[in-house]
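**Student:** Following the working numbering, the numbering of the sequence shown begins with 1 at its first residue and continues without gaps. C-beta: ideal position from N, C-alpha, C; glycine also. All figures in this text were calculated on a predicted structure; none of them were measured in a lab. Sharing a structure below in structure tokens format, with a few things to ask.
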Amino acid sequence: MSYIEITGARENNLKNVSLKIPKRQITVFTGVSGSGKSSLVFDTIAAESQRQLNETFTAFVRNRLPRYGRPDADALENLSPAVVVGQRRLGGNSRSTVGTITDVYALLRLLYSRVGRPHAGFSNAFSFNDPAGMCPECEGVGKKIALDLDRALDRSRALNEGAILLPNFGVGTWYWKTYALSGLFDNDKPLRDYTGAEWELLLRGRGPDVRFETKGGPVHQKFEGLLDKFDRLYIKRDIDTMSNREALFRFVSDEVCPLCAGARLNQAALSSKIGGRSIAELAAMEIRLLVDVVAEITEPVAATMVEALLDRLRHLISIGLGYLTLNRETSTLSGGESQRVKLVRHLGSSLADMTYVFDEPTVGLHPRDVSRMNDLLRELRDKGNTVLVVEHDRDVIAIADHVVDVGPGAGGDGGEIVYEGDVSGLYRAAGLTGGHLRRDPPVKRDFREPTGWLTVAGATAHNLKDVTVSFPTGVLTVVTGVAGSGKSTLVGEVFLARYPQSVAVDQSGVSTSIRSSPATYTGLMDDVRRLFAKACGVSPSLFSFNSAGACPRCQGLGLIYTDLAFMEGVTSVCEACEGRRFREEVLAHRLRGRSVHEVLEMTVGEAAGFFTEPRPLRTLRALEEVGLGYLTLGQPLSTLSGGECQRIKLAAELRKKGGVYVMDEPTTGLHMADVEHLIAVMDKLVDGGNTVIVIEHDLDVVKSADWVIDLGPDGGDLGGSVVFEGTPERLLRARDSLTAEHLRRDLARRPQGEVPAAGSPRPDDGRAPLSRSTSSRRRAAGPGRSSAPSHG
């Protein structure tokens, strides 16, 4: 057997790690959040593999590829080309769909160009991204986005009074001058007094060049009507991708394209059909239904294309995405859905002896779908590839050929290899992972009593089927169901729209620039600046490395990046500030004997002992509550793991007085030990008089709930109904619930507390079991009744 050999890895918190990873096998990396898993797998192995692969290209090509720095390690040997399948959302603009990103739509286009009748042309004639196929009215977008003049203009004002309300069109701006200096308008005349000709000129007109006086001399600009200018600047450049899109969206309206009815294609493409269906109709079908329609196409000329289509469609179904449609925009996909869509692109590859690196591929997956993901991981391995998986899920760990447990703790307490070997050995190993694998939490038996009910009635958004459901207050409610069953729609859209005062902790990413840190993201830095300013009698801006106090040499980054043109750039510590980010005179100011740099170098736990003021202490305690006491206040967010980023967002929300907290899969990226800690945080919130509603698949969280709402019975059109409402104990008896089925299976794996046959009595792992809250230990009941309905 051959191995990937790593010697002396020191990236981030890794402590001179050396290990051998078997090739052509599945290796799962476990450990608490922040233990160093990502530093080892992504920042060391994957980064070096991709860096060396890029070096095989010419300097011209390398300059157009992502740049990877050399990881801090003595040696990495026997690497294969790496394909990283991460959780980053696919994003993309409104022209990127599930069909285009997986190349399934390209195969459909080819099929229609050969078999569709009447014949409409080559495959590009069926592309909404090609002039030959796109609808001429909406240019292939499927909707018409237009400037709403009632929102964009204040007709009671003149141009000189700021009649144009659009961003970048204010009085004195460059765009404003194209109208005010054109000589075509009375700049003091209110728009409501414009004649028909003046209105047409303002909105659609063409005129002479407008002359601007600038510091560099006169500049000539073509006059362009407001509607035409807005279309050119924003609509045709895709407003969805712009940094100021939220501000711009306030001034536009959109509607389904009247010509193509949202199908994106021209009439010639839409008239060409196979089996009575156009390509747009197939793209609008759920994939689980589309596969049967494609299988019915029997023309001999289509055999090869149909086979390729079925292969890709079945892969999408096998990883739990059968509820998606090919015309679904990729920007609307979750991180978990994005990762699985990327996976489909690799399953059909003929490449072998590659290294596939996965970042928690079970994110967003119901336990029903985890087994499907496991099958695909095995398929990649069996084709002769090395599969490296960073994962916390018990079922994924169970299929590993080799396990590497990183720890023993997080941050400075991590960065070591705690265990290497097979799965049975991990069960016997000391440490958090082995201890929690041996521990199987029971279903909660005592439940808090609701203090009231928040009702959503007649919900029909997306696939919800006229859902009416009541959420109990004063308790912990878990909303579960398979992917696509309607959980996020019900809670994240309908419930939050009905109860907007709720505090939402969703999956949207936190800023991960090098200038962002736990202190800046949580607002703690504002308190730090004020305290330093008050103690030293100077301006608060002096203590900001993004403002007046920044080192002039590195602009407050603490690092200097040197671009070496076609060679790899070099990053070095700033010699002027020695990486401290602030000017020397700023560092001379002290708060209780510490400079602002020294404060930012403190861990959260150390800072909680340093500050005595209520405001910063409240923030620091929230960070400690979510298990981030080991982070330093000034650590760049770009160096944090996904689980750490999720919890820092939760900590920022815990500073607020919520009342109702809505969380979207907060266990994302969390180790079993961290999930236990998170459950304790949620219990504390509820015991403090709050209501917590959680969208979650993790069965340990489901077991700990006071109330469960299960949606399904499946995803897409087969979902959108409430199949169960009640306590976790009653959920075990539900017969039409996939969640209940897997909960029963989880509890049946072994008797409570029994150690697997290969194991030995559990050693003390250093963590006392968290006790359940003792407040309100009465059975939960439905609104106005002694027991809640159970659909199943």
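Going by CA-CA distance only, name the one from 391, 698 and 540 that's closest to residue 38.
**Tutor:** 391
**Student:** Taking only runs that begin and end inside the stretch 48-90, name each unbroken alpha helix (DSSP H) of 4 or more residues, in chain order.
**Tutor:** Complete alpha helix (DSSP H) runs here, min 4: 59-62.
**Student:** Between residue 715 and residue 465, is the Cβ-Cβ spacing less than 9 Å?
**Tutor:** no
**Student:** Can residue 711 and residue 486 be called in contact, C-beta distance under 9 Å?
**Tutor:** yes
**Student:** Helix, strand or coil, according to DSSP, for residue 402 in the structure here?
**Tutor:** strand
**Student:** Taking C-beta to C-beta, are residue 291 and residue 477 nearer than 9 Å?
**Tutor:** Taking 9 Å as the Cβ cut-off, residue 291 and residue 477 do not qualify as a contacting pair.
**Student:** In three-state terms, what does DSSP make of residue 355?
**Tutor:** strand
**Student:** By how many angstroms is the C-alpha of residue 340 removed from the C-alpha of residue 56?
**Tutor:** 29 Å
**Student:** Is residue 60 buried or exposed, if buried means 16 or more other CB atoms sit within 10 Å of its CB?
**Tutor:** exposed
**Student:** Have a look at residue 757 and residue 319 and give me their C-alpha separation to the nearest angstrom.
**Tutor:** Confidence at residue 757 is low in this model, with a pLDDT of 38, below 50, so its placement is unreliable and no value can be given for it.
**Student:** What are the start and end residues of the alpha helix (DSSP H) that includes residue 373?
**Tutor:** 367-382
**Student:** Going by DSSP, which residues form a beta bridge with residue 663?
**Tutor:** 505 and 694
**Student:** For the alpha helix (DSSP H) holding residue 267, just list the boundary residues, first then last.
**Tutor:** 267-271
**Student:** Around the Cβ of residue 71, are there at least 16 other Cβ atoms within 10 angstroms (buried) or fewer (exposed)?
**Tutor:** buried
**Student:** Can you list, in chain order, the residues of its chain whose CB lies under 6 Å from that of residue 751, leaving out five sequence neighbours each side?
**Tutor:** Model confidence at residue 751 stands at a pLDDT of 42, short of 50, so the residue's coordinates are unreliable; what they give is reported in the following sentence. The answer is none, since no qualifying residue turns up.
**Student:** The alpha helix (DSSP H) with residue 156 in it runs from where to where?
**Tutor:** Taken as a continuous stretch (DSSP letters only), residue 156 belongs to no alpha helix (DSSP H), as it is neither H nor E.
**Student:** Given that a residue counts as buried once 16 or more other Cβ atoms are within 10 Å of its Cβ, and exposed if not, what is residue 113?
**Tutor:** buried
**Student:** Taking 8 Å as the cut-off, does the stretch 119-133 touch the stretch 369-386 (at least 3 CB pairs, one atom from each stretch)?
**Tutor:** no
**Student:** Who are residue 29's beta bridge partners in DSSP?
**Tutor:** 390 and 404
**Student:** Which same chain residues, not among the five before or five after residue 760, have their C-beta less than 7 Å away from its C-beta?
**Tutor:** Because the pLDDT at residue 760 is just 33, under 50, the model does not fix this residue reliably, and the point stays unresolved.
**Student:** Please state whether DSSP places residue 517 in a helix, a strand or coil.
**Tutor:** In the structure shown, residue 517 sits in coil (DSSP, three-state: anything other than H, G, I, E or B).
**Student:** For residue 20, which three-state DSSP category applies?
**Tutor:** For residue 20, the three-state secondary structure derived from DSSP is strand.
**Student:** Would you list, in sequence order, the uninterrupted beta strand (DSSP E) runs of no fewer than 3 residues that lie entirely inside the stretch 416-483?
**Tutor:** 416-421, 452-459, 467-473 and 476-480
**Student:** Would you check if there are 3 or more beta carbon pairs closer than 8 Å linking the stretch 62-81 to the stretch 352-368?
**Tutor:** yes
**Student:** Within the stretch 576-617, note down every full alpha helix (DSSP H) run reaching 4 residues or more, in order along the chain.
**Tutor:** 584-587, 596-600 and 604-610
**Student:** If you reduce the DSSP assignment to three classes, tell me which class residue 220 lands in.
**Tutor:** strand
**Student:** Let me know the secondary structure DSSP gives residue 538 once reduced to three states.
**Tutor:** coil
**Student:** Between residue 694 and residue 479, how many whole angstroms is the CB-CB distance? I'm expecting something under 8 Å.
**Tutor:** 7 Å
**Student:** Return helix, strand or coil for residue 559, following the three-state DSSP convention.
**Tutor:** strand
**Student:** Rank 375, 587 and 363 by C-alpha distance to the C-alpha of residue 86 and give the top, closest one.
**Tutor:** 363
**Student:** Spell out a yes or no on whether the stretch 278-290 and the stretch 161-168 are touching, meaning 3 or more CB-CB pairs, one atom from each, closer than 8 Å.
**Tutor:** no
**Student:** Whole angstroms are fine: how far does the CA of residue 99 sit from the CA of residue 327?
**Tutor:** 6 Å
**Student:** Looking at the structure shown, is residue 115 part of a helix, part of a strand, or coil, going by DSSP?
**Tutor:** helix
**Student:** Please report the residue range of the alpha helix (DSSP H) in which residue 793 lies.
**Tutor:** Outside the displayed span of the chain (1 to 792) sits residue 793, for which this structure offers no information.
**Student:** Provide the residue span of the beta strand (DSSP E) that contains residue 6, from first to last.
**Tutor:** 3-9
**Student:** Which residue's Cα is closest to the Cα of residue 144: 90, 172, 94 and 675?
**Tutor:** It is 94.
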